[in-house]
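Novice:
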């Protein structure tokens, strides 16, 4: 049984006189103990709302409706009353936010903010709490912790602030850590350090980590399992390597293809996904990605695409998925069935450009070239 | 990344503790603001006026050359109808209409003026912050009761705010009967809505901030968040407003005294009363009105300069 089982989670914001917004529209995924799960997607796809809904942190307002289930260790988080929810927050599930500066109280020293958690959940006070706080800061790699405890957030560097926030989050050794774009506000070298720290914490303490990000580099470096979100639904779920090697959903293909690469030629242009997130089709009317999809077929519109379960636990929501390199779609499926050990078998398949035998599709003008899958293999392995 | 274990770590810990003690231990937002305040010339001018005023108010009455109630001019026959002697060597600002030393009265009057300003501001600050704090907390906690408490308190504040402040003050003074305490209460009540709205608005905007969300995500109780996170962050504009209110309180108190609603005991001089008393003699000795007026203006200017400088120093947007 998974540690966190999110089942058909939906969040809608209804405002009088305005269109009802379905921010999250039936998201399902699970997080096992000790696992790092990525939630990937571009802005506005419902990543953050999903995490806030799980934590029960969505601002209470009339018109907000949260549906579905989020079962954590046998209890449905969405059904909890405020008190027990507060007890779980920080102790069993903790969260790391995007902007470390604004997530720390500017007028209170770091030490007070760290000990606050210790007092709340572990009943520690006075010198014992201070000592534990110093140890926590040391554990997340803040040098000179005793001194830092007395400092204010504005005296710390961005990386150190994020470390302090991580220290607060892991203070009670939670079983699940939710990181909402923890590296977005940091510069690249610090990003790498913070990711390394998160990796270390997960490895040492067996904490499960739910990583919300739009950065595929973060995913490649950290996640075991990846859920790709689009317009409030999971469109593809896969282990990290298969996802990077042979993405099936055209959206995933587009995401991977639009990452700028150091090894691409100088004059080469980026391959963005055409259109923007606003060009969505409501899910009940078909595939939300269809208006921007290069592999669109007639079946995409009309009814929502069903989740297709592939052999090794990966799944995608597409009627015309990207073919596995070097084989037609049907052949690829056969290949899967023949060699259920996925990874190695597929890695042996020679990579090639898009095969000729692609089913008829309504290709818009100037479709982006398929991503260079061959070179990506080295990156992900 | 975690470097050390055992003995070495203990040693490092002790060293860092030592360093922390010798070092400046964390510069808070307030200390930082004070630093910036010191670099602002307007703040220096304001602070000097403020300090001077306070010193004069505190020790002035012990140093004045003449008693403020001694009618020297009448005793010596200097005051006749239509004649009020002006400045001479012994009486730096001349005599008032009852032959009392004007300079002494002005100095002694500073104490009354400061008392009225401070007490009135404190009344306004206390009541206003209480109402605003309760409303802000209630709004932050949400729920039906929270919203109800918040909007009830705020409608009451709106009612106070809808009345012209001087009219409100005059009505209160009329109800309570003219006295110095009346002036304090009236001026204080007039400034209540400003403080209440300011603190409530500030608290609501702070409770939407990320660190409140982060604290909530760590399971901290809402009431504790309100007290330890929201209130300290919301106080800066209120403190600035208190300094500015001190200036307006002095002016308003003078206005009420001028209207005859203030101190009735002319033995204790007060700038507003002095201004009112000088009115019939404007043609004879305009100085009698000018001196207290200038004193009021300089004091109010000092407070305003200081308040504005504090606002700038505490504004996070202007922080480098």
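Residue numbers (our numbering), protein chains in the order written: chain G, 129 to 509; chain V, 20 to 339.
Cβ coordinates follow ideal geometry from the N, Cα and C atoms, glycine included.
Taking only the alpha-carbon atoms, compute the straight-line gap between residue 320 of chain V and residue 266 of chain V and give it to the nearest angstrom.
Specialist: Near 7 Å, if we compare the C-alpha coordinates of residue 266 of chain V and residue 320 of chain V.
Novice: Compute the Euclidean distance between the alpha carbons of residue 142 of chain V and residue 258 of chain G, then round it to the nearest angstrom.
Specialist: If I take the Cα positions, the gap works out to 39 Å.
Novice: Below 9 Å between beta carbons is the criterion; list the residues of the segment 161-174 of chain V that meet it against any residue of chain G, in chain order.
Specialist: Those residues of the segment 161-174 of chain V that come within reach of chain G (Cβ to Cβ, closer than 9 Å) are 161 and 162.
Novice: How would you write the range of the beta strand (DSSP E) that residue 154 of chain G sits in, first residue to last?
Specialist: It spans 149-159 - the beta strand (DSSP E) in which residue 154 of chain G sits, taken as one unbroken run.
Novice: Of all the CB atoms in chain V, is at least one closer than 8 Å to the CB of residue 222 of chain G?
Specialist: Yes - at least one Cβ of chain V is within 8 Å of the one on residue 222 of chain G.
Novice: In angstroms, rounded to a whole number, what distance separates the CA positions of residue 344 of chain G and residue 161 of chain V?
Specialist: Cα-Cα distance, rounded: 39 Å.
Novice: If we define contact as Cβ-Cβ less than 8 Å, is residue 155 of chain V a contact residue for chain G?
Specialist: So no, residue 155 of chain V is outside the interface.
Novice: State the CB to CB distance for the pair residue 259 of chain V and residue 329 of chain V, rounded to an integer number of angstroms; the pair is presumed to be in contact (CB under 8 Å).
Specialist: The Cβ separation is near 5 Å, so the contact holds.
Novice: So within the segment 221-258 of chain V, which uninterrupted alpha helix (DSSP H) runs reach at least 4 residues, ignoring any that extend past its ends?
Specialist: Those alpha helix (DSSP H) runs which fall completely within the segment 221-258 of chain V and span 4+ residues are 229-236 and 241-244.
Novice: Among the residues of its own chain, which have a CB less than 7 Å from the CB of residue 349 of chain G, if the five just before and after it don't count?
Specialist: The answer, listed in chain order, is 323.
Novice: Between residue 239 of chain V and chain G, is any beta-carbon pair separated by less than 8 Å?
Specialist: Chain G contact via Cβ: present.
Novice: Tell me the DSSP bridge mates of residue 133 of chain G?
Specialist: DSSP, once it has assigned bridges, lists G:158 and G:199 as partnering residue 133 of chain G.
Novice: Using a Cβ distance threshold of 8 Å, determine whether the segment 291-301 of chain V contacts the segment 309-326 of chain V, with at least three qualifying pairs required.
Specialist: Verdict: yes, contact present.
Novice: What do you reckon, are the CB atoms on residue 369 of chain G and residue 336 of chain G nearer than 8 Å?
Specialist: No, they are not a contact pair.
Novice: List the residues of chain V that residue 235 of chain G touches, going by C-beta distances under 9 Å, in chain order.
Specialist: Within chain V, the residues near residue 235 of chain G are 47, 48, 49, 248, 251, 252, 254 and 255.
Novice: Given residue 447 of chain G, which residues of its chain have a CB within under 7 Å of its CB, disregarding the five upstream and five downstream residues?
Specialist: Cβ neighbours of residue 447 of chain G beyond the five flanking positions: 425, 427, 428 and 433.
Novice: Pull up the CB-CB distance for residue 281 of chain V and residue 268 of chain V, whole angstroms please, since I reckon it's below 8 Å.
Specialist: Actually they do not touch by this definition, with Cβ atoms about 13 Å apart.
Novice: What is the rounded straight-line gap between the Cα of residue 293 of chain G and the Cα of residue 226 of chain G?
Specialist: Their backbone Cα atoms lie some 10 Å apart in a straight line.
Novice: Report all residues from its chain with a CB closer than 7 Å to the CB of residue 164 of chain G; omit the five preceding and five following residues, and keep chain order.
Specialist: Here the set comprises 330, 337, 339, 350, 351 and 352.
Novice: Would you say residue 179 of chain G and residue 266 of chain G are within 8 Å of each other, going by their C-beta atoms?
Specialist: Contact flag unset, no.
Novice: Look at the Cβ atom of residue 136 of chain V, then the Cβ atom of residue 289 of chain V, and state whether they are nearer than 8 Å.
Specialist: No.
Novice: For chain V, is any of its Cβ atoms less than 8 Å away from the one on residue 289 of chain G?
Specialist: For residue 289 of chain G, the answer is no, since every Cβ of chain V falls outside 8 Å of its Cβ.
Novice: Within the segment 267-310 of chain G, note down every full alpha helix (DSSP H) run reaching 4 residues or more, in order along the chain.
Specialist: With a minimum length of 4 residues, the continuous alpha helix (DSSP H) runs that stay inside the segment 267-310 of chain G are 273-277 and 286-297.
Novice: Give the residues of chain V in contact with residue 296 of chain G, contact being defined as C-beta atoms less than 7 Å apart.
Specialist: Neighbours of residue 296 of chain G on chain V, chain order: 237.
Novice: Quick one: which chain V residues come within Cβ less than 8 Å of residue 167 of chain G?
Specialist: Per Cβ cutoff of 8 Å: no residues; residue 167 of chain G is ~17 Å from chain V at best.
Novice: Quick one: give me the first and last residue of the alpha helix (DSSP H) that residue 183 of chain G is part of.
Specialist: It spans 175-183 - the alpha helix (DSSP H) in which residue 183 of chain G sits, taken as one unbroken run.
Novice: When the Cα atoms are used, what is the spatial distance from residue 137 of chain G to residue 363 of chain G?
Specialist: Their backbone Cα atoms lie some 14 Å apart in a straight line.
Novice: Using the beta-carbon count (16 or more within 10 Å), is residue 246 of chain V buried or exposed?
Specialist: Its Cβ having fewer than 16 others within 10 Å, residue 246 of chain V is exposed.
Novice: Could you tell me whether the segment 305-321 of chain G touches the segment 221-240 of chain G, where touching means 3 or more Cβ pairs closer than 8 Å?
Specialist: At 8 Å Cβ cutoff, the stretches touch.
Novice: Identify, in the order they occur along the chain, each residue of the same chain with its Cβ nearer than 6 Å to the Cβ of residue 273 of chain G, setting aside the five sequence neighbours on each side.
Specialist: The answer, listed in chain order, is 262, 265 and 266.
Novice: From this set, V:119, V:214, V:189 and V:297, which residue's C-alpha is nearest residue 202 of chain V's C-alpha?
Specialist: The shortest C-alpha separation from residue 202 of chain V is found at V:189.
Novice: Just the C-alpha distance for residue 156 of chain V and residue 150 of chain V, rounded to the nearest angstrom, thanks.
Specialist: If I take the Cα positions, the gap works out to 10 Å.
Novice: Report the three-state DSSP secondary structure of residue 374 of chain G (helix, strand or coil).
Specialist: Coil at residue 374 of chain G, not helix or strand.
Novice: Can a CB atom of chain V be found closer than 8 Å to the CB of residue 377 of chain G?
Specialist: Cβ-Cβ to chain V under 8 Å: no for residue 377 of chain G.
Novice: Using the three-state DSSP reduction, which class does residue 365 of chain G fall into: helix, strand or coil?
Specialist: Note: residue 365 of chain G maps to strand in three-state DSSP.
Novice: Classify residue 176 of chain V: buried if its beta carbon has 16 or more other beta carbons within 10 angstroms, exposed otherwise.
Specialist: Its Cβ being crowded by 16 or more others within 10 Å, residue 176 of chain V is buried.
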